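S.K.:
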Amino acid sequence: MADEIKARGPKRAYAYDKNTGEFAGVVYADPDPLDVTNWLLPASSTFTVLDDAPAGHVAVFKEGEKKILVDKRGTEYFDENGIHYLINQIGEDLPENALLEKPYIPPTLDEQTKKVQNQCSIRINSKWNQIGQINAALGVYSEQERAACSEWVKLNRDALKALLQRADLTEINVESDEFWPKLN
Numbered sequence: 245m246a247d248e249i250k251a252r253g254p255k256r257a258y259a260y261d262k263n264t265g266e267f268a269g270v271v272y273a274d275p276d277p278l279d280v281t282n283w284l285l286p287a288s289s290t291f292t293v294l295d296d297a298p299a300g301h302v303a304v305f306k307e308g309e310k311k312i313l314v315d316k317r318g319t320e321y322f323d324e325n326g327i328h329y330l331i332n333q334i335g336e337d338l339p340e341n342a343l344l345e346k347p348y349i350p351p352t353l354d355e356q357t358k359k360v361q362n363q364c365s366i367r368i369n370s371k372w373n374q375i376g377q378i379n380a381a382l383g384v385y386s387e388q389e390r391a392a393c394s395e396w397v398k399l400n401r402d403a404l405k406a407l408l409q410r411a412d413l414t415e416i417n418v419e420s421d422e423f424w425p426k427l428n
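To convert, count from 1 in the sequence shown and add 244; that's our numbering.
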């Protein structure tokens with residue numbers, strides 16, 4: 245019997261990932277020393293050859309049989325609400341209404357109000373930062389500089405008020421220079 249086993253030698257088998265079922269490489273099964281009709285397959289392997297899969301698919305060995313499944317792992321998509329998803333499982337396909345680019349979702353009035361208030365602060369500080377504004381208020385600067393600082397702050401606050409009263413506030417780009425005083 246030992247000679248019979250030696251004569252048979254190892255038999256080619258195919259390992260697969262125990263979680264995904266993907267082909268992992270060629271392995272060899274040894275003959276069973278107690279039963280010449282049996283082979284000792286390594287864990288997570290089969291004698292079944294996994295066929296080549298077409299592009300976008302992968303051949304797997306699952307539940308005792310070979311299957312060709314869609315392989316979109318790594319694909320990012322969005323739903324109509326802009327929620328981001330990532331496919332990370334074999335066999336998971338894009339949902340029917342998946343978007344490959346993030347959809348434009350208009351800001352809410354509250355979001356746009358915060359954005360325009362922030363933009364006002366940025367623009368005021370671009371010419372007169374908070375230290376400069378404090379120094380102007382405390383009389384550290386000349387009368388002309390104080391007046392220039394006050395005027396700059398007033399112009400930007402007036403622009404802020406005008407923007408906040410617009411009916412189309414959620415539809416405009418509040419960062420656009422067209423809505424703000426020009427920086428000299």
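Ideal Cβ positions, reconstructed from N, Cα and C, are used throughout, including at glycine.
Computed from a predicted model, the values in this text were never measured in an experiment.
(1) Please state if the CB of Ala268 and the CB of Asp261 are separated by a distance shorter than 8 Å.
(2) How would you call Ala411, buried or exposed, if buried means at least 16 neighbouring beta carbons within 10 angstroms?
(3) Could you give the residue range of the beta strand (DSSP E) that holds Glu309?
(4) Beta-carbon separation of Pro286 and Ala303 under 8 Å?
(5) Could you pull the start and end residues of the beta strand (DSSP E) that Ala273 belongs to?
(6) Helix, strand or coil for Phe291? Go by DSSP, reduced to three states.
(7) Can we say the segment 392-407 touches the segment 338-345, given the rule of at least three CB pairs closer than 8 Å?
(8) Helix, strand or coil: how does DSSP classify Trp372 here?
(9) For Val384, which beta-bridge partners are listed by DSSP?
(10) Out of curiosity, what's the CA-to-CA distance linking Glu282 and Glu320?
M.R.: The relevant details are as follows:
(1) Locating residue 261 in the sequence shown gives position 17, counting from the first residue. Locating residue 268 in the sequence shown gives position 24, counting from the first residue. Yes; because the gap between Cβ atoms is below 8 Å, this pair is in contact.
(2) Stepping through the sequence shown from its first residue, residue 411 is reached at position 167. When all chains shown are included, Ala411 counts as exposed.
(3) Taking the sequence shown and counting its residues from 1, the one referred to as residue 309 is at position 65. Counting along the chain, the beta strand (DSSP E) containing Glu309 begins and ends at Glu309 to Val314.
(4) Looking up residue 286 in the sequence shown gives position 42. Looking up residue 303 in the sequence shown gives position 59. In this structure, Ala303 does not lie closer than 8 Å to Pro286 by Cβ.
(5) Here residue 273 refers to the residue found at position 29 when the sequence shown is read from its first residue. Where Ala273 is concerned, the enclosing beta strand (DSSP E) stretches over Phe267 to Pro275.
(6) Within the sequence shown, the letter at position 47 stands for residue 291. Three-state result, Phe291: coil.
(7) no
(8) On the sequence shown, residue 372 is found 128 positions in, with the first residue counted as 1. Coil at Trp372, not helix or strand.
(9) Within the sequence shown, residue 384 is the residue found at index 140, counting from 1. Val384 is not bridged to any residue.
(10) The residue you call residue 282 lines up with position 38 of the sequence shown. The residue you call residue 320 lines up with position 76 of the sequence shown. For the record, residue 282 in the displayed sequence is Asn; it is not Glu. Their backbone Cα atoms lie some 46 Å apart in a straight line.
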